[in-house]
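Following the numbering used here, the numbering of the sequence shown begins with 8 at its first residue and continues without gaps.
Data block below; observations after.
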Amino acid sequence: MSAEFEAFIGLEVHCQLATESKIFCSCPTMSGRGISVSALPVNALVCEVCSGQPGALPTLNSQAVRFAIRSGLALGSEIQQSSIFSRKNYFYPDLPKGYQISQNETAICLGGFVEIEREDGSMKKVALRRIHLEEDAGKSVHEFGVTLVNLNRSGVPLVEIVGEPELRTPEEAGNYLRELHAIVTAIGVTDGNMQEGNFRCDANVSVRPKGSSVLGTRVEIKNVNSFRFVEKAIAFEIQRQIAVLASGKAVIQETRLYDSQRDHTVSMRIKEEAEDYRYFPDPDLLPLKFPVAWVQEERDRLPELPAQKRSRYQTDFGLSRADSRQMSASQAISEIFEATVSLLKGLPGGAKWVANLLSGEVSRLLQESELSLTQSPLKAQHLADLGALALSGELSSTATKKILHEVWRTGESVGALVERLGLRQQNDASELEPLVETILKEQPQATEELRSGKLKVLGFLVGMVMKRSAGRGNPELIRSLIERTLDLKKDA
């Protein structure tokens, strides 16, 4: 970013609530059933209400209200005993009624914050403006010169979490989203599946000259559903606005889309102001009021939050701050991490080993397969069995990785795979000594170099013995045997 300008970033996060039915009708949402809405037949989850038929009346889903309350409590918001649903009017093909039922300033939750970690390790509280309930729109499909509409998502319940423009860099925005995602998945109000669009955000970005007291013109980047893409979209937009201002032109208030293939934002439409939506109270819905007891009941349902988990992981398991953050990044990760550590029953180094595997190779497998942990065949018992063998020296790192990939592919037990593939590590010196003797005889030049003090060739000789043992030999034991064998020859 140019030293002459500063950026202000505010995020509006749309989080699909994990209710069984839609917010104003009884159509199912498929939440928690392991079924992708995008894989269902077009317009299979539709009724008179969510398709906007004349005379159809909405009926509020009480579980959606409870989830909104729980979200507000987890984020430190003030829960409003009375709030109002409004009609947000705009025309788009996937909005069959011609308006969206939402809440504006009269939201169910006001205020709150998300605490993030800066690059220097310090903490920053980013204020929230409000958390409100609303219905999702359908999906427009533009093909063959026409627009087709799929209303399966129409009426799905959302909470929109509106942050104040207190973020300054793309990295802060990414950290904010990761922390918010960790919180809402930990409290069970959403599955947070970003591929399905169940956790997505609109980023509001403005730039102004340093020293100015007036915020720059705000541009909205619509519907980004990846942490990395949010960071890249904001970074591009900041630089684009700086270039516009530096050329003496004015930034236009508009809505833009992020093109991840070309890594740039493109104009979608001129941005509407709140008054353009002509908000007014929905006459079909009374002001939202709920029993006071609900607030305490939802407070009691709050589990341990990610920040609390991070502290406990560092204290109880000796994890670093970075590792504890990764292990608390989502409810699925923290659950399989803790279940695996428990199965390892205090095995020294177990927690660190599990954290390394989950944040390394397992994370890579998840990205490649585009699956979530809950959708994958990998279970805590697999990781515990693998960890027990690896930490005891019965599996090499190469064999561990190979078995993990087979588990991911087949779901087969670790024990069965070790026997079927013959990957148990050789730790018997009597079995490895003949191989060491053979390699030393076959590699006289390397052997002499090692005798003369050129220790670099030791790794080469260990590798040759490993290859001769089909990768099953314990490399540390092989190294020790080579050194001992050569010392014996010297003494002779």
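By construction, the Cβ of each residue, glycine as well, lies at the ideal position given by its N, Cα and C atoms.
Beta-carbon proximity of residue i to residue j, cut-off 8 angstroms
i      : j      : result
Ile123 : Ser84  : no
Ala387 : Thr347 : yes
Leu102 : Gly118 : no
Pro310 : Ala189 : no
Leu442 : Val472 : yes
Ser90  : Glu141 : no
Thr240 : Val226 : Here residue 240 turns out to be Ala, not Thr, going by the sequence shown. No, Cβ-Cβ distance for Ala240 and Val226 is not below 8 angstroms.
Pro65  : Leu292 : yes
Val163 : Thr36  : yes
Leu5   : Phe120 : The requested residue 5 is not part of the displayed model; the chain covers only 8 to 499.
Tyr320 : Ser331 : yes
Val156 : Ser147 : yes
Arg479 : Arg431 : yes
Leu187 : Val20  : yes
Val258 : Gly218 : no
Leu468 : Leu457 : yes
Val196 : Arg77  : yes
Ile115 : Ala75  : yes
Val212 : Glu171 : no
Thr26  : Gln87  : no
Per-residue DSSP class, three states only, for residue i
i      : result
Val214 : strand
Asn363 : helix
Glu186 : helix
Met201 : coil
Phe15  : strand
Gln107 : strand
Thr5   : Beyond the ends of the chain as shown, which are 8 and 499, falls residue 5; an answer cannot be given.
Arg137 : strand
Asp209 : strand
Gln303 : helix
Glu27  : coil
Ile277 : strand
Lys146 : strand
Asp494 : helix
Ile194 : coil
Ile249 : helix
Leu380 : coil
Ser386 : Looking at the sequence provided, one finds Lys at residue 386 rather than Ser. It is coil, neither helix nor strand.
Lys132 : strand
Leu396 : helix
His21  : strand
Gly255 : coil
Ala499 : Because the pLDDT of Ala499 is 37, which lies under 50, any placement of that residue in the model is unreliable, and the number read from its coordinates should be weighed accordingly. Of the three classes helix, strand and coil, the one that applies to Ala499 here is coil, per DSSP.
Phe120 : strand
Ile228 : strand
Leu160 : Sequence inspection shows Arg at residue 160; the Leu mentioned does not correspond to that position. Correct three-state label for Arg160: coil.
Leu264 : strand
Ile168 : strand
Close-in-space but distant-in-sequence residues of the same chain around residue i (CB under 8 angstroms, 5 per side omitted)
i      : result
Ile340 : Gln333, Met334, Leu365 and Leu380
Ser9   : Ile249 and Ala253
Leu47  : Met37 and Asn159
Ile410 : Leu393, Leu402, Val421, Leu424, Val425, Leu428 and Leu430
Gly356 : Leu398
Buried versus exposed, by CB contacts within 10 Å (16 or more), residue i
i      : result
His149 : exposed
Val221 : exposed
His412 : exposed
Ile277 : exposed
Val299 : exposed
Glu167 : buried
Tyr106 : buried
Gln315 : exposed
Nonlocal neighbours in the same chain, by C-beta distance under 7 angstroms from residue i, ignoring five residues either side
i      : result
Gly181 : Phe234, Val237 and Glu238
Glu440 : Leu488
Lys408 : Glu368
Ser28  : Cys34, Pro35, Thr36 and Asn68
Arg306 : Leu80
Ala513 : The chain is shown only over 8 to 499; residue 513 falls outside these bounds and no answer can be derived.
Leu350 : Ala387, Gln388 and Ala391
Ala358 : Phe324, Gly325, Leu326 and Val348
Glu126 : Glu178
Near the ligand ZN: residue i beta-carbon under 7 angstroms from a heavy atom
i     : result
Thr66 : As presented, the structure is devoid of all ligands, the ligand ZN included, so that no description of it is given.
Any chain C beta carbon closer than 8 angstroms to residue i
i     : result
Ile30 : Any reference to chain C falls outside this structure, which holds one protein chain only.
6 angstroms Cβ shell around residue i - same chain, five flanking residues per side excluded
i      : result
Lys496 : Caution is warranted here: a pLDDT of 47 is assigned to Lys496, below 50, making its placement in the model unreliable, and the coordinate value is therefore given only provisionally. Counting only Cβ-Cβ distances below 6 angstroms, and skipping sequence neighbours, we find nothing.
Asp209 : Glu19, Glu227 and Lys229
Asp143 : Arg160, Val163 and Leu165
Val169 : Glu19, Arg136 and Arg137
Cys54  : Cys32 and Cys34
Lys352 : none
Review point. Fully enclosed by the region 41-102, which beta strand (DSSP E) runs are 3 residues long or longer?
Key: Unbroken beta strand (DSSP E) stretches of 3 residues or longer found wholly inside the region 41-102: 93-96, given in chain order.
Check your understanding: Which ranges would you report for the alpha helix (DSSP H) in the region 415-490 if only whole runs of at least 4 residues count?
Key -> 421-428, 436-449, 451-458 and 463-475
Point to revise | Segments assigned alpha helix (DSSP H), at least 4 residues, entirely inside the region 283-360 | key: 300-308, 313-324, 328-334 and 338-351
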